[in-house]
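Novice: Take a look at this one; I'll ask things after.
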């Protein structure tokens, strides 16, 4: 199934990427028509897609894709994730001594997530 989807994407000059069960097709020809073709392919394999998760975007629009925001050719970390890092830093500052280790682990996890999404680490 994934090979069929990748072939359909490549056939119109797009690129398919997959992360577990999330499929993303990017490129100028990633249109609603291609989305329909992909959804039909998935259906032929006995699976269903979630309509609320099946989206197309204008080429210059910011796009939220599996934990990252893509703006044109740039990958950015979502604002909500920046806020989580800020809150984790504040929690470390105010945590009682017995809670410091846990607060630091949460902050370290948030920072690691940012490094992975942004490809810096």
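Numbering (this note's numbering), first residue to last: 74 to 194. Glycine included, every Cβ here is placed at the ideal spot set by N, Cα and C. Predicted model, so just to flag it, every value in this text is computed and none were measured.
So residue 141 and residue 150 are in contact, right, with Cβ under 8 Å, and what is the actual spacing, rounded?
Specialist: Rounded, the Cβ-Cβ distance is 7 Å, consistent with contact.
Novice: Out of 121, 104 and 193, point me to the one whose CA is closest to residue 74's CA.
Specialist: Among 121, 104 and 193, the Cα nearest to that of residue 74 belongs to 121.
Novice: Can you tell me whether residue 142 is helix, strand or coil according to DSSP?
Specialist: The answer is strand: DSSP assigns residue 142 an E or B state.
Novice: For the stretch 78-85 against the stretch 99-110, are there 3 or more C-beta pairs whose distance is under 8 Å?
Specialist: The stretch 78-85 is in contact with the stretch 99-110.
Novice: If I'm right that residue 154 touches residue 103 with Cβ under 8 Å, what's the distance once you round it to whole angstroms?
Specialist: That belief does not hold up - the Cβ atoms of residue 154 and residue 103 are roughly 25 Å apart, past 8 Å.
Novice: Please look up how many angstroms separate the CB atoms of residue 180 and residue 165, rounded, as I've assumed it's under 8 Å.
Specialist: Going by Cβ atoms, the distance from residue 180 to residue 165 rounds to 6 Å, so yes, they are a contact pair.
Novice: Relative to the C-alpha of residue 131, which residue among 99, 77 and 125 is closest?
Specialist: Here the closest residue by C-alpha is 99.
Novice: Taking only runs of the alpha helix (DSSP H) that begin and end inside the stretch 131-193, which ones reach a length of at least 4 residues, in chain order?
Specialist: Listed in chain order, the complete alpha helix (DSSP H) runs (minimum 4 residues) inside the stretch 131-193 are 152-167 and 173-191.
Novice: Is the Cβ of residue 118 closer than 8 Å to any Cβ of chain C?
Specialist: Absent here is chain C; the protein component of the structure consists of one chain.
Novice: Taking residue 117 as the reference, which of 101, 90 and 77 has the closest Cα?
Specialist: Checked all of 101, 90 and 77; the closest Cα to residue 117 is 77.
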